[in-house]
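In this note's numbering, the protein residues as written are 47 to 636.
Cβ coordinates follow ideal geometry from the N, Cα and C atoms, glycine included.
First the structure, in the form of structure tokens, and then the observations on it.
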């Protein structure tokens, strides 16, 4: 730290960045007073309701499992270890994606690199920001479970503050690993050898996971005679969570030992985690600054990830033709030909749709996260066939079907909130150019709605039909769930597009930060409430869901009335936000 001639110590750049971020957050928090108190009350009620509902469900489930003599403690212990192991993997992926965006696709980072600020300080600040941005939801989701776990085990009061300390240490390790992986990936992503190795490794890992985590058949005789043997076989695929070198093992063992009163063992695992946090955190903060600067130069200097492949070079040459002494680029001929096929799109509509598709495809972080979300959902759906082998009752099969519909709808709500909501804000400060164009902002918002609805419907409807096939449902059930998810798709996209136009943020270019604002939170809340109401209405309207073996003369009238209520709720839930968004866009002063 340098001391100027006046004798006043100049603050460190990192301290200034943290102070500015805290002041900005505080001012945004104060600005919430200018928002509608009704919306704030709705969001607060939803958050409090989620915490209460999640706590009650976790508490009831853990208490129920604990009642099994001899097996309850074993099952709860294994569930805790497996939960933290999977959350650690998800945090790694989340930190990798967010760190890559924050370090190499962020305007603030590009601005800071032009200032006389050390690259190590910039990297440290972005590491802190990415870790907090990727981990706050994890802490919010895991808090009710740990509170319920503490009450079930009748822990002492000091268990809860200790858990907060453990969670704070735990989120640092995936943050550091994700930042290091993002820097390494940015440096070598355009190399042919690395791309081949990456694809081969992903295929090998997928094959290993399919082979390793395949379901183990259990005979009926074994279920009747050797219960412990069956439990061991069922838990065999979860033994990876007990690997002692995993950070998830350290936090799980510390939580478990602290709840049982073994404070010495709990403190030991906490100190192990603290030592790794300090070691790898110091290395990342002191040694990755120069690597980050080099990776940033490579990311902003290369044209394409496939530029070193001969087929890409030949394709680029073919796309450039010389006509009348002028160079004409034909890079978009393929997409333009597809959109202009049949002449069913007007030229201005075709241009806007093509622009949105190209922008989405060029942003790797956008479509990579989309593929990841639907990939996880696809793995879940494929494994439904193993789960339904034990379902002989039509009631339970119908219950699983509606839960599957809810899971697909929740995944769709996450997708629309994360990717569809910020689309209008991503037009940026140049939105006035689009507003002055003949197409107009109102038509732009409408086209974004139809484009997002058609694109998400193609994937969501396919997943629902696949899940119905895996569950062995007949044509009537398949048509029912397919039609239901179609209506829900258009409604959720209308909510996201309408609220995105109502609460735009043209100053921010990072979609993660746009979604984290007031409008994105309200969009997620409204989407979840709509899904809950819709699934309940659909379950009530189902003629086979509640009393499949009883003849009800009013079943048809009840089904028709509740289905009509579902359609009406869907229309109003989507029409009001979209209508308000279009009205605000139409009267906006650019």
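query: Using CA coordinates, which residue listed in 149, 181, 121 and 89 is at the minimum distance from residue 134?
result: Looking up residue 134 in the chain shown gives position 88. Checking every option, the nearest Cα to that of residue 134 belongs to 181.
- request: Could you check which residue in 174, 195 and 302 has the C-alpha nearest to that of residue 109?
  value: In the chain shown, counting from the first residue as 1, residue 109 sits at position 63. Among 174, 195 and 302, the Cα nearest to that of residue 109 belongs to 195.
message: According to DSSP, is residue 282 part of a helix, a strand, or is it coil?
response: One-based indexing of the chain shown puts residue 282 at position 236. Residue 282 carries a helical assignment under DSSP once its states are collapsed to helix, strand and coil.
- prompt: Would residue 399 count as contacting chain D if we go by Cβ distances under 7 Å?
  reply: Among the chains in the structure shown there is no chain D, since it carries only a single protein chain.
message: According to DSSP, is residue 537 part of a helix, a strand, or is it coil?
response: Numbered from its first residue, the chain shown carries residue 537 at position 491. Residue 537 falls in the helix class under three-state DSSP.
- prompt: With residue 470 and residue 335 assumed to form a contact (beta carbons below 8 Å), what rounded beta-carbon distance in angstroms separates them?
  reply: Taking the first residue of the chain shown as 1, we reach residue 470 at position 424. Taking the first residue of the chain shown as 1, we reach residue 335 at position 289. Cβ atoms of residue 470 and residue 335 stay farther apart than 8 Å, at about 36 Å.
message: In whole angstroms, give me the CA-to-CA distance for residue 230 and residue 519.
response: To locate residue 230, count along the chain shown from 1; it is residue 184. To locate residue 519, count along the chain shown from 1; it is residue 473. Cα to Cα, residue 230 sits roughly 47 Å from residue 519.
- prompt: By Cβ distance below 8 Å, which residues in the same chain neighbour residue 218 in space, the five residues on each side in sequence not counted?
  reply: Here residue 218 corresponds to residue number 172 of the chain shown, with the count starting at 1. These residues qualify, in order along the chain: 177, 323 and 327.
message: Which runs of the beta strand (DSSP E) at least 3 residues long sit entirely within the region 532 to 585? Give them in chain order.
response: Uninterrupted beta strand (DSSP E) stretches at least 3 residues long and entirely within the region 532 to 585 do not occur.
- prompt: Taking DSSP as the reference, what is the three-state secondary structure of residue 138?
  reply: For the purposes of this step, residue 138 is identified with residue 92 of the chain shown, where counting begins at 1. Residue state for residue 138 is assigned as helix, using DSSP reduced to three classes.
field: Every unbroken alpha helix (DSSP H) inside the region 64 to 122 [4 residues or more]
entry: Note on the region 64 to 122: whole alpha helix (DSSP H) runs with a minimum of 4 residues are 83 to 112, in chain order.
field: CB of residue 141 within 7 Å of CB of residue 224, strictly
entry: In the chain shown, counting from the first residue as 1, residue 141 sits at position 95. In the chain shown, counting from the first residue as 1, residue 224 sits at position 178. Going by C-beta atoms, residue 141 is nearer than 7 Å to residue 224.
task: Indicate the three-state DSSP secondary structure (helix, strand or coil) for residue 500 in the structure shown.
output: Numbered from 1 along the chain shown, position 454 holds the residue referred to as residue 500. Under the three-state reduction of DSSP output, residue 500 falls in the helix class.
- request: Write down the C-beta distance between residue 128 and residue 112 rounded to the nearest angstrom, noting that I regard them as a contact closer than 8 Å.
  value: Along the chain shown, read from residue 1 onward, the residue named residue 128 stands at position 82. Along the chain shown, read from residue 1 onward, the residue named residue 112 stands at position 66. Not confirmed; about 17 Å, so no contact.
- prompt: Ordered along the chain, which non-local residues of its own chain (more than five positions away) have a Cβ less than 6 Å from that of residue 555?
  reply: As a position in the chain shown, residue 555 is number 509, starting the count at 1. So the qualifying residues of the chain are 153.
- prompt: Quick one: Cα of residue 165 to Cα of residue 329, how far?
  reply: Locating residue 165 in the chain shown gives position 119, where the first residue counts as 1. Locating residue 329 in the chain shown gives position 283, where the first residue counts as 1. Near 14 Å, if we compare the C-alpha coordinates of residue 329 and residue 165.
field: Distance between residue 529 and residue 567 (C-alpha atoms, nearest Å)
entry: As a working note, residue 567 is residue 521 in the chain shown. As a working note, residue 529 is residue 483 in the chain shown. Taking C-alpha positions only, residue 567 is separated from residue 529 by approximately 28 Å.
task: Please look up how many angstroms separate the CB atoms of residue 543 and residue 627, rounded, as I've assumed it's under 8 Å.
output: Counted from its first residue, the chain shown places residue 543 at position 497. Counted from its first residue, the chain shown places residue 627 at position 581. Contact between residue 543 and residue 627 holds, with the beta-carbon distance rounding to 7 Å and staying under 8 Å.
task: Indicate whether the contact test is met: 3 or more Cβ pairs, each with one atom in the region 239 to 247 and one in the region 146 to 161, closer than 8 Å.
output: The region 239 to 247 is not in contact with the region 146 to 161.
task: Pull up the distance between the alpha-carbon of residue 370 and that of residue 138, whole angstroms please.
output: One-based indexing of the chain shown puts residue 370 at position 324. One-based indexing of the chain shown puts residue 138 at position 92. Note that residue 370 scores a pLDDT of 41, beneath 50, so its modelled location is shaky; the value from the coordinates is reported in the next line. C-alpha separation (whole angstroms): 53 Å.
message: Assuming residue 1 and residue 126 are in contact, meaning their beta carbons sit under 8 Å apart, how far apart are those beta carbons, in whole angstroms?
response: Outside the displayed range of the chain (47 to 636) lies residue 1, so it cannot be described from this structure.
- request: Identify every run of the beta strand (DSSP E) within the region 307 to 364, keeping only runs that are complete inside it and at least 3 residues long; order them along the chain.
  value: DSSP runs (the beta strand (DSSP E)) wholly in the region 307 to 364: none.
field: Rounded C-alpha distance that separates residue 444 from residue 101
entry: Translated into positions along the chain shown, residue 444 becomes position 398. Translated into positions along the chain shown, residue 101 becomes position 55. Roughly 26 Å between the two C-alpha positions.
- prompt: So what's residue 633 in DSSP terms, helix, strand or just coil?
  reply: If you number the chain shown from 1, residue 633 lands on position 587. Residue 633 carries a coil assignment under DSSP once its states are collapsed to helix, strand and coil.
query: Should the region 294 to 308 be regarded as contacting the region 188 to 206, the criterion being three or more beta carbon pairs within less than 8 Å?
result: Contact holds: three or more Cβ-Cβ distances are below 8 Å.
query: Which residues bound the alpha helix (DSSP H) around residue 172?
result: Reading the chain shown from its first residue, position 126 is the one you call residue 172. Start and end: 165 to 198.
message: Within 10 Å of its beta-carbon, does residue 559 have 16 or more other beta-carbons around it, so buried, or fewer, so exposed?
response: Your numbering for residue 559 matches position 513 in the chain shown. Looking at its Cβ environment, which holds 16 or more other Cβ atoms inside 10 Å, residue 559 is buried.
- request: Could you check if residue 221 is buried or exposed, using at least 16 other CB atoms within 10 Å of its CB as the buried criterion?
  value: Position 175 of the chain shown, counted from the first residue, corresponds to residue 221. By the Cβ-count criterion, residue 221 is buried, with 16 or more other Cβ atoms from all chains shown falling within 10 Å of its own Cβ.
- prompt: Can you tell me whether residue 94 is buried or exposed, with buried defined as 16 or more other CB within 10 angstroms of its CB?
  reply: In the chain shown, the residue the question calls residue 94 occupies position 48. Exposed: under 16 other Cβ atoms inside 10 Å.
query: Is residue 470 helix, strand or coil when you go by DSSP?
result: Locating residue 470 in the chain shown gives position 424, where the first residue counts as 1. Three-state result, residue 470: coil.
Inter-residue spacing [alpha-carbon to alpha-carbon] between residue 466 and residue 539: Translated into the one-based positions of the chain shown, residue 466 becomes position 420. Translated into the one-based positions of the chain shown, residue 539 becomes position 493. Those two C-alpha atoms are separated by around 7 Å.
query: Are residue 399 and residue 511 touching if we call contact CB-CB under 7 Å?
result: Taking the chain shown and counting its residues from 1, the one referred to as residue 399 is at position 353. Taking the chain shown and counting its residues from 1, the one referred to as residue 511 is at position 465. It is not a contact, given that the beta carbons lie outside the stated cut-off.
query: Do you know offhand how far residue 87's Cα is from residue 621's?
result: Reading the chain shown from its first residue, position 41 is the one you call residue 87. Reading the chain shown from its first residue, position 575 is the one you call residue 621. Straight through space, the alpha carbons of residue 621 and residue 87 are spaced by roughly 22 Å.
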